[in-house]
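Just so you know, we're using UniProt numbering here: the sequence shown kicks off at 1 and counts up by one.
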Amino acid sequence: MLIRDIDAAKQLIEMQLRDIENIRTKAPYGLEYTFWEDFTAKIIDRIFGNDSSQRHGFEQAGRGGCFSVFESYSEHQRREDFNEILNCKKEYLENLIKELENHRAGTAGVHTSEADRHEWNYEDILRSSEASPLDRAIAQILSRIKNPGLFKEAQSNLLDLRDELYKPSPSWASLKKHLIWLIELGKEEFFSILPFVVLYVRKIMK
């Protein structure tokens, strides 16, 4: 699992669950559904890693007996099958939440200690297939910094920002301080981290 904050992961999945009833009212397999399915899959990637069994399970949920995407099917049959797929997707996401809750005991409340930071090596992160997308983005930034003093400052700011995002209720004031530092470092670096801040935006306490 890539996201260590179980509450944050649950909130992201619950956000998608809440959208299902609205998706039911839209055209079967239309743009709204496609966007919702793609975005949910990306969230699962952020939580469990790219190409995870959870991602494949979500994509296949409900596909077994539903083939009414073809134009020759009646609108009634398409709607029935569409609702059945949504029911399967909903059940699958609810089971993912249960999986996260079962995982909580070993991961909840874990944040980076000073010892962990001392061992945090961007080269190891870049080589690891299990590194989180956020850690990988941080490692890519650090790999381009040659000045030792700037490297130390950058690592401190970036890991502080990461740990703030992992909190159940991140402080916007704290995040803003690190983001201002980051944009002064460079626009490319800032925009490589910004998507992760957006991912957690619903958690941020102003």
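Ideal placement from N, C-alpha and C gives every residue a C-beta, glycine not left out.
- Burial check for leucine 150: the Cβ neighbour count within 10 Å stays below 16, so the residue is exposed.
- The closest CA to that of glutamine 11, considering only Glu75, Gly49, Glu84, Ile97, is found on Ile97.
- Looking only at Glu21, Ser132, Ala139, Leu100, the smallest Cα-Cα distance to aspartate 7 is reached by Leu100.
- When secondary structure is reduced to three states using DSSP, aspartate 163 falls in the helix class.
- Straight through space, the alpha carbons of glutamate 80 and asparagine 87 are spaced by roughly 11 angstroms.
- Taking the CA atoms as reference points, phenylalanine 190 sits about 15 angstroms from leucine 165.
- Looking only at Phe82, Gln77, Gln140, His56, the smallest Cα-Cα distance to lysine 26 is reached by Phe82.
- In this structure, the alpha-carbon of tryptophan 120 lies about 54 angstroms from that of glutamine 77.
- Considering only Pro148, Lys152, Trp36, the residue with the shortest C-alpha distance to arginine 18 is Trp36.
- The C-beta distance from phenylalanine 58 to tyrosine 92 rounds to 6 angstroms, short enough to fall under 8 angstroms.
- DSSP places arginine 127 in the helix class (H, G or I) of the three-state scheme.
- The C-alpha of leucine 126 lies about 10 angstroms from the C-alpha of isoleucine 138.
- Burial state of glutamine 60 is exposed, judged by a 10 Å Cβ sphere holding fewer than 16 other Cβ atoms.
- Inside the stretch 24-87, DSSP marks whole alpha helix (DSSP H) runs of 4 or more residues at positions 31-48, 53-60, from first to last along the chain.
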